[in-house]
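Student:
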Amino acid sequence: MSSQIKFLEDRLNGISSSNDDYSAIVVSKEPQLLRNLNWPANTVWLDTIDKPDCLDISVRSDLGVIFKQFEHMPSDLVMPLLARLRDCHCDELLVHSGGKSLTTREMLALGFTRATSSESGGWFHYQREEFYEERTWNSPDQWAHPQNYKRFRW
Numbered sequence: 003m004s005s006q007i008k009f010l011e012d013r014l015n016g017i018s019s020s021n022d023d024y025s026a027i028v029v030s031k032e033p034q035l036l037r038n039l040n041w042p043a044n045t046v047w048l049d050t051i052d053k054p055d056c057l058d059i060s061v062r063s064d065l066g067v068i069f070k071q072f073e074h075m076p077s078d079l080v081m082p083l084l085a086r087l088r089d090c091h092c093d094e095l096l097v098h099s100g101g102k103s104l105t106t107r108e109m110l111a112l113g114f115t116r117a118t119s120s121e122s123g124g125w126f127h128y129q130r131e132e133f134y135e136e137r138t139w140n141s142p143d144q145w146a147h148p149q150n151y152k153r154f155r156w
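Residues in the sequence shown are numbered consecutively from 3, following the working numbering.
1. DSSP on ALA146, reduced to helix/strand/coil?
2. Which term fits GLU94, buried or exposed, when burial requires 16 or more other beta carbons within 10 angstroms of its beta carbon?
3. Are the CB atoms of LEU84 and ILE51 within a distance shorter than 7 Å?
4. Hey, quick one: how far does the alpha helix (DSSP H) through ASP78 stretch, first residue to last?
5. Report the three-state DSSP secondary structure of PHE133 (helix, strand or coil).
6. Which residues share a DSSP beta bridge with ALA26?
7. Look up HIS127 in the DSSP assignment and give the residues it is bridged to.
8. In the DSSP assignment, the beta strand (DSSP E) including TRP41 goes from what residue to what residue?
9. Contact between the stretch 46 to 61 and the stretch 3 to 21 is defined here as three or more beta-carbon pairs at a separation below 8 Å; is this criterion met?
10. How long is the line joining the alpha carbons of PRO54 and TRP139, rounded to whole angstroms?
11. What is the DSSP secondary structure of LEU48, reduced to helix, strand or coil?
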């Protein structure tokens with residue numbers, strides 16, 4: 003268990019050193035394990051999430067951490083919850099899978115990557131900037147005749 007907390011602590015220290023003003027959402031059934039880490043002052047603590055629309059759409063944070071939440075939930079409930087958190091609430095999401103509810107394949111299908119640290123121990127990571135790459139082919143510079151785009155209608 004301590005290696006899982008150590009991985010999270012290292013990740014939080016990396017975020018706080020690069021960004022002083024960030025926010026976090028933490029969902030954990032065991033918050034006492036996580037409370038002594040370096041969390042921002044405006045952290046939202048939740049002990050459970052059981053449906054995709056349980057968070058107000060206006061709640062937005064830079065980091066979301068889900069720890070020991072989905073172990074006993076069926077995967078048909080977990081996947082929409084993770085998709086909602088990923089798409090609407092968090093720019094970066096760290097999920098400790100617990101290994102029981104979602105397989106690695108399902109986490110990869112949602113756009114998560116396995117944390118590569120030797121201490122990661124079941125953590126999956128999603129970061130919006132890594133997932134959505136800027137597409138050069140979809141810019142006006144790559145069109146056939148960008149200089150004629152406003153002159154001619156076809």
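Backbone N, C-alpha and C define an ideal beta-carbon position, used for all residues, glycine too.
Tutor: Result, derived from the coordinates:
1. coil
2. buried
3. no
4. 77 to 86
5. helix
6. LEU65
7. LEU96 and THR115
8. Segment: none, TRP41 is in no beta strand (DSSP E) and carries neither H nor E.
9. no
10. 34 Å
11. strand
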